[in-house]
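With the sequence shown counted from 1, adding 42 to any position gets you the numbering used here.
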Amino acid sequence: MTTVHIEAKNHQLVVSQFVKLFRQLLSKAKNDCFETKGKTFLAEQLMYFIRRSQPIEMILPGFPCKSPNTNSKVFGYLPDRGEEIALEYLDNFCEQVRKFYAPGCKLIIFSDGTTFSDLIGVSEETQDKYNITLKNLIKVRHISWESLDSFFSSQNGYDALREQLMSQYCSLDKQQVEAQIQNDEQIRQTYQGLKNFLFQDNPWTNSNSPKTKKTRLKQSGEFAKIMIQRNDALTKLLSEKFPHHVRLSVHGHNNSGPKFAVHVLPNDYRCITPWHNVVVKTSDNQEIMMKKEEAEKLPLTALVKRHQQPWYFLQSTEEIWSECELEIINPPKTGIRITYKGNVNQQKPDCSCLNSKTLQNLCLEYGFVVLRGFHVDSKEHLVEFSSLFGKPVIWDFGPVHTIRPKERPDGYIASREAVPLHWDLSMPPSYLEASGRYEDFTPQFFILYCHKAPANGEGQTTIVDGRRVLENAGSTKVEVWKQIEIDYFTKLTYYGGKKHSYPLIMQHPITGEDILRYQEASSSKLQTFELSSQSLPQQDFQQLIAELQAKVYDDSCLICHDWQQGDLLLIENHYMLHGRTAASDLTDDRELWRVQLLPHSLPQKSISDFSKKLDSNKVA
Numbered sequence: 043m044t045t046v047h048i049e050a051k052n053h054q055l056v057v058s059q060f061v062k063l064f065r066q067l068l069s070k071a072k073n074d075c076f077e078t079k080g081k082t083f084l085a086e087q088l089m090y091f092i093r094r095s096q097p098i099e100m101i102l103p104g105f106p107c108k109s110p111n112t113n114s115k116v117f118g119y120l121p122d123r124g125e126e127i128a129l130e131y132l133d134n135f136c137e138q139v140r141k142f143y144a145p146g147c148k149l150i151i152f153s154d155g156t157t158f159s160d161l162i163g164v165s166e167e168t169q170d171k172y173n174i175t176l177k178n179l180i181k182v183r184h185i186s187w188e189s190l191d192s193f194f195s196s197q198n199g200y201d202a203l204r205e206q207l208m209s210q211y212c213s214l215d216k217q218q219v220e221a222q223i224q225n226d227e228q229i230r231q232t233y234q235g236l237k238n239f240l241f242q243d244n245p246w247t248n249s250n251s252p253k254t255k256k257t258r259l260k261q262s263g264e265f266a267k268i269m270i271q272r273n274d275a276l277t278k279l280l281s282e283k284f285p286h287h288v289r290l291s292v293h294g295h296n297n298s299g300p301k302f303a304v305h306v307l308p309n310d311y312r313c314i315t316p317w318h319n320v321v322v323k324t325s326d327n328q329e330i331m332m333k334k335e336e337a338e339k340l341p342l343t344a345l346v347k348r349h350q351q352p353w354y355f356l357q358s359t360e361e362i363w364s365e366c367e368l369e370i371i372n373p374p375k376t377g378i379r380i381t382y383k384g385n386v387n388q389q390k391p392d393c394s395c396l397n398s399k400t401l402q403n404l405c406l407e408y409g410f411v412v413l414r415g416f417h418v419d420s421k422e423h424l425v426e427f428s429s430l431f432g433k434p435v436i437w438d439f440g441p442v443h444t445i446r447p448k449e450r451p452d453g454y455i456a457s458r459e460a461v462p463l464h465w466d467l468s469m470p471p472s473y474l475e476a477s478g479r480y481e482d483f484t485p486q487f488f489i490l491y492c493h494k495a496p497a498n499g500e501g502q503t504t505i506v507d508g509r510r511v512l513e514n515a516g517s518t519k520v521e522v523w524k525q526i527e528i529d530y531f532t533k534l535t536y537y538g539g540k541k542h543s544y545p546l547i548m549q550h551p552i553t554g555e556d557i558l559r560y561q562e563a564s565s566s567k568l569q570t571f572e573l574s575s576q577s578l579p580q581q582d583f584q585q586l587i588a589e590l591q592a593k594v595y596d597d598s599c600l601i602c603h604d605w606q607q608g609d610l611l612l613i614e615n616h617y618m619l620h621g622r623t624a625a626s627d628l629t630d631d632r633e634l635w636r637v638q639l640l641p642h643s644l645p646q647k648s649i650s651d652f653s654k655k656l657d658s659n660k661v662a
């Protein structure tokens with residue numbers, strides 16, 4: 043087979059793989075023509091890039107600004123969980139393309155708010171705040187942004203930008219638009235949709251807007267015609283400036299080309315957008331979009347905030363959630379605090395009153411959950427609660443480890459000293475290390491309960507999001523790290539007194555995701571903790587440790603939890619690393635109770651024999 047034929051075959055393979063993936067992105071209408079027409083049109087566009095070994099480029103007009111209707115549609119004027127989901131989803135699509143096509147895939151989001159914002163009464167300042175926040179919302183790999191001011195002078199404000207767009211690219215006058223509405227069914231549907239959006243949005247921002255329904259509808263209709271004209275101009279601008287880009291749209295199309303309708307919410311194929319809706323996470327952990335007024339009517343929902351801003355609604359199965367305040371601790375997705383805000387004059391609700399499946403889902407998503415304002419009356423009560431999340435690990439002292447400073451500490455855990463970052467049961471005693479398999483003795487979750495709080499700012503539990511560390515390091519660095527193994531050793535026989543070796547990057551036993559397995563060294567006189575490696579020369583190993591230290595202590599990855607009496611922490615032990623800050627004698631009363639939890643079941647291998655061994659060591 044000639045080189046030309048081989049290349050042609052490979053090109054067709056890339057096209058086939060892209061089309062297959064693209065189908066999952068499409069939002070299909072009843073008259074969808076993708077299979078009969080659109081697929082061929084798309085393939086021709088793709089070949090332009092593939093023949094040149096260039097990244098496949100797409101463009102999506104959208105993400106303009108939030109609807110000004112904060113009464114019934116959205117939370118406010120800034121991006122929220124809806125935009126976060128959409129950007130993650132679109133960026134991940136491009137990442138999936140990169141896996142079978144080395145040059146990759148790039149998406150331009152053309153923020154079209156400037157084109158239309160004056161018609162819905164959104165100020166330039168509000169629009170700018172939305173766009174700035176949007177660009178900083180998540181760390182994207184394949185997405186870039188453009189807008190009108192990329193091509194026209196913005197010195198004289200947004201009105202001048204719109205005038206330049208219309209004067210250079212609009213070919214439709216008002217009479218032509220009205221004729222199209224009368225004679226073209228697709229244009230008529232577009233007009234009615236725009237009119238409806240404007241009717242819903244305008245009254246909430248414009249104090250001078252008409253008050254009667256009739257006059258409001260008339261004004262919305264006139265504005266909708268202007269929108270059609272501006273959309274015509276914008277379409278021509280994009281065709282000229284991005285002639286080869288695959289043209290995506292958040293509006294309905296028959297997908298015959300050149301425009302393809304896409305959805306921006308996973309597993310929801312409707313043309314529904316985050317700037318007109320809010321997100322609801324349902325009791326079965328699905329995320330859906332709907333109008334705010336609809337979400338507020340749902341039973342058993344709680345509002346989740348980020349930076350004190352409403353972020354999404356969480357739905358569960360108990361009324362108590364509506365009496366709780368939920369706040370993401372370190373955005374975007376590290377830690378979530380659930381605070382009971384009910385009647386302070388009544389007894390605190392039992393810690394088991396919140397749905398354990400919901401708590402577990404939140405812990406998997408955010409790495410750890412803080413419960414504040416809930417009741418634990420004994421160690422037995424804590425074990426009962428903990429057992430909802432897994433099988434308690436039974437040490438020779440029982441399932442509950444009491445952690446407090448001792449007068450004569452036998453290691454840094456029982457002292458006022460700082461505790462280095464680690465994951466629980468990385469150094470198991472021999473009676474727990476039954477099989478030698480990491481997943482057989484390493485807890486998936488553990489719970490810390492604050493029986494007595496330390497002095498403010500002392501004895502904090504440090505928590506590091508290993509997922510964020512890997513994200514910050516980048517995929518190239520992570521692939522290098524996968525080849526490295528680190529040896530850990532401590533003489534303290536309580537922890538086994540022998541060397542344990544772990545790859546720096548492992549796979550989560552349940553999800554299969556990459557996880558960071560790193561522990562800090564310690565030169566404490568009470569307990570040394572030594573690191574070495576057979577994978578690297580000594581100088582390279584020291585450089586690696588210095589790099590890891592810098593990354594795990596980066597502000598984006600590290601959280602220091604200040605304990606309040608009665609706090610409960612549920613921590614995912616594979617995703618997170620944890621330690622402790624040092625304390626003074628003011629903190630001698632600090633007392634935490636810890637329960638470690640194995641999954642009730644593990645994939646690939648039963649832990650029944652191991653469980654029996656644990657039970658045989660249980661102390662009554």
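For every residue, glycine included, the Cβ atom is placed at its ideal position computed from N, Cα and C.
query = Since Tyr617 and Ile557 are thought to touch, with beta carbons under 8 Å apart, how far apart are those beta carbons, to the nearest angstrom?
reply = Against the sequence shown, residue 617 aligns to sequence position 575. Against the sequence shown, residue 557 aligns to sequence position 515. Rounded, the Cβ-Cβ distance is 6 Å, consistent with contact.
key: beta-carbon Gln228 near the ligand GDP non-hydrogen atom, thresh 8 Å   = Summarising the ligand content, the structure contains no ligands, and the ligand GDP is consequently not present.
inquiry  = So within the segment 60-106, which uninterrupted beta strand (DSSP E) runs reach at least 3 residues, ignoring any that extend past its ends?
reply    = Counting only runs of 3+ residues, the beta strand (DSSP E) found wholly inside the segment 60-106 occupies 98-104, in chain order.
query = On the three-state DSSP scale, how would you describe Tyr143?
reply = Taking the first residue of the sequence shown as 1, we reach residue 143 at position 101. Looking at Tyr143 - three-state DSSP - the assignment turns out to be coil, as it is neither helix nor strand.
inquiry  = Looking at the secondary structure, which residues open and close the alpha helix (DSSP H) in which Cys395 lies?
reply    = Counting from 1 along the sequence shown, the entry for residue 395 is found at position 353. Where Cys395 is concerned, there is no enclosing alpha helix (DSSP H), given that its DSSP letter is neither H nor E.
inquiry  = If I follow the unbroken alpha helix (DSSP H) through Leu236, where does it start and stop?
reply    = If you number the sequence shown from 1, residue 236 lands on position 194. Its alpha helix (DSSP H) spans residues Glu227 to Asp243.
ask   = Helix, strand or coil: which one does DSSP assign to His286?
value = Within the sequence shown, the letter at position 244 stands for residue 286. Of the three classes helix, strand and coil, the one that applies to His286 here is coil, per DSSP.
message = Thr629 and Arg510 - do their beta-carbons sit closer together than 9 Å?
response = By 1-based counting over the sequence shown, the position of residue 510 is 468. By 1-based counting over the sequence shown, the position of residue 629 is 587. No, the Cβ-Cβ distance between Arg510 and Thr629 is not below 9 Å.
ask   = Can at least three beta-carbon pairs, one atom from the segment 147-156 and one from the segment 80-90, be found at a separation below 8 Å?
value = No contact exists between the segment 147-156 and the segment 80-90.
ask   = What do you reckon, are the CB atoms on Val322 and Thr343 nearer than 9 Å?
value = Translated into the one-based positions of the sequence shown, residue 322 becomes position 280. Translated into the one-based positions of the sequence shown, residue 343 becomes position 301. In contact: Val322 and Thr343 (Cβ atoms closer than 9 Å).
request  = Measure the alpha-carbon distance for Leu255 versus Asn113 and round it to whole angstroms.
outcome  = The residue labelled residue 255 in the question sits at position 213 within the sequence shown. The residue labelled residue 113 in the question sits at position 71 within the sequence shown. Checking the displayed sequence, the identity of residue 255 turns out to be Lys instead of Leu. Distance between the alpha carbons of Lys255 and Asn113 is about 17 Å.
message = Measuring alpha carbon to alpha carbon, tell me which residue in Gln217, Leu214, Leu259 and Ser213 is nearest Gln234.
response = Looking up residue 234 in the sequence shown gives position 192. Relative to the Cα of Gln234, the nearest Cα in the group Gln217, Leu214, Leu259 and Ser213 belongs to Leu259.
message = Can you give me the C-alpha to C-alpha distance between Gly608 and Lys524, rounded to a whole angstrom?
response = As a position in the sequence shown, residue 608 is number 566, starting the count at 1. As a position in the sequence shown, residue 524 is number 482, starting the count at 1. Rounded to whole angstroms, Gly608 to Lys524 spans 40 Å at the Cα level.
request  = May I ask you to list the residues that DSSP assigns as paired with Phe427?
outcome  = Taking the sequence shown and counting its residues from 1, one reaches residue 427 at position 385. Looking at the DSSP assignment, Phe427 forms no beta bridge with any residue, so it has no partner.
query = Looking at the structure shown, is Asp604 part of a helix, part of a strand, or coil, going by DSSP?
reply = Counted from its first residue, the sequence shown places residue 604 at position 562. Three-state result, Asp604: coil.
key: Paired residues, beta bridge with Trp635 - DSSP   = In the sequence shown, the residue the question calls residue 635 occupies position 593. Per DSSP, Thr444 and Tyr491.
ask   = What three-state label does DSSP hand Cys366 in the structure shown?
value = As a working note, residue 366 is residue 324 in the sequence shown. In this structure, Cys366 counts as strand in the three-state DSSP scheme.
ask   = CB-CB under 7 Å to Thr381, same chain, minus the five flanking residues each way: which ones, in chain order?
value = On the sequence shown, residue 381 is found 339 positions in, with the first residue counted as 1. Cys366, Glu367, Arg414 and Gly415.
query = Ends of the beta strand (DSSP E) at Ala588?
reply = The residue you call residue 588 lines up with position 546 of the sequence shown. According to the DSSP assignment, Ala588 belongs to no beta strand (DSSP E) but to the alpha helix (DSSP H) extending over Gln580 to Val594.
ask   = Is the beta carbon of Leu530 sitting closer than 9 Å to the one on Gln549?
value = Within the sequence shown, numbered from 1, the residue matching residue 530 stands at position 488. Within the sequence shown, numbered from 1, the residue matching residue 549 stands at position 507. Before going further, note that residue 530 is Tyr rather than Leu in the sequence given. Taking 9 Å as the Cβ cut-off, Tyr530 and Gln549 do not qualify as a contacting pair.
Segment contact flag, the segment 177-196 with the segment 126-133, C-beta cutoff 8 Å, min 3 pairs = The count of Cβ pairs closer than 8 Å, one atom from the segment 177-196 and one from the segment 126-133, reaches three, so the stretches are in contact.
task = Please work out which residues of its chain come closer than 6 Å, Cβ to Cβ, to Lys347, disregarding the five sequence neighbours upstream and downstream, and give them in chain order.
result = As a working note, residue 347 is residue 305 in the sequence shown. So the list reads Trp353 and Glu369, once near-sequence residues are dropped.
ask   = Thinking C-alpha only, which one of Pro551, Leu610 and Arg94 is nearest Ile489?
value = By 1-based counting over the sequence shown, the position of residue 489 is 447. The option with the nearest alpha carbon to Ile489 is Leu610.
ask   = In chain order, what residues of the same chain have a beta carbon less than 6 Å from the beta carbon of Ser325, not counting five sequence neighbours either side?
value = The residue given as residue 325 occupies position 283 in the sequence shown. Non-local beta-carbon contacts of Ser325 in its own chain, meaning distances under 6 Å to residues more than five positions away in sequence, involve Gln357, Ser358 and Thr359 in chain order.
ask   = Among the residues of its own chain, which have a CB less than 8 Å from the CB of Leu619, if the five just before and after it don't count?
value = Looking up residue 619 in the sequence shown gives position 577. Same-chain partners within the cutoff: Leu463, His464, Trp465, Ile505, Val506, Gly508, Leu558, Tyr560, Gln561 and Val594.
ask   = Which same chain residues, not among the five before or five after Ser626, have their C-beta less than 8 Å away from its C-beta?
value = Counting from one through the sequence shown, the residue named residue 626 turns up at place 584. Cβ neighbours of Ser626 beyond the five flanking positions: Arg458, Ala497 and Glu500.
query = With respect to the alpha helix (DSSP H) encompassing Gln169, which residues constitute its N-terminal and C-terminal limits?
reply = On the sequence shown, position 127 is the one that residue 169 refers to. Taken as a continuous stretch (DSSP letters only), the alpha helix (DSSP H) holding Gln169 covers Glu166 to Lys177.
C-beta contact flag for Ile92 and Ile101 at 9 Å = Along the sequence shown, one-based indexing puts residue 92 at 50. Along the sequence shown, one-based indexing puts residue 101 at 59. Taking 9 Å as the Cβ cut-off, Ile92 and Ile101 do not qualify as a contacting pair.
task = Report yes or no: do the segment 206-220 and the segment 270-286 share at least 3 C-beta pairs separated by less than 8 Å?
result = Under the three-pair Cβ rule at 8 Å, the segment 206-220 counts as touching the segment 270-286.
task = Compute the Euclidean distance between the alpha carbons of Ser291 and Asp154, then round it to the nearest angstrom.
result = The residue given as residue 291 occupies position 249 in the sequence shown. The residue given as residue 154 occupies position 112 in the sequence shown. CA-CA distance, Ser291 to Asp154, rounds to 12 Å.
ask   = Quick one: complete alpha helix (DSSP H) runs, 4+ long, within the segment 329-386?
value = As far as the segment 329-386 is concerned, its whole alpha helix (DSSP H) runs of at least 4 residues are 334-337.
key: Contacting residues, own chain, Cβ-Cβ under 6 Å from Thr315 (five flanking each side not counted)   = Counted from its first residue, the sequence shown places residue 315 at position 273. Its chain contains Val292 as the residues whose beta carbon lies nearer than 6 Å to that of Thr315, once the 5 sequence neighbours on both sides are disregarded; these appear in chain order.
request  = Report all residues from its chain with a CB closer than 6 Å to the CB of Ile330; omit the five preceding and five following residues, and keep chain order.
outcome  = Here residue 330 corresponds to residue number 288 of the sequence shown, with the count starting at 1. The answer, listed in chain order, is Val322.
task = Sort Cys599, Trp635 and Ile455 by Cα distance to Thr570 and report the nearest one.
result = Translated into positions along the sequence shown, residue 570 becomes position 528. With distances taken between Cα atoms, Thr570 lies closest to Ile455.
message = Cutting at 6 Å between CB atoms, please list the residues of its own chain near Gly104, excluding the five before and the five after it.
response = Position 62 of the sequence shown, counted from the first residue, corresponds to residue 104. Closer than 6 Å at Cβ, skipping near neighbours: Val292.
task = Evaluate contact between the segment 107-124 and the segment 299-319, counting only Cβ atoms and requiring at least three cross-stretch pairs below 8 Å.
result = Contact between the segment 107-124 and the segment 299-319 is present: three or more C-beta pairs spanning the two stretches fall below 8 Å.
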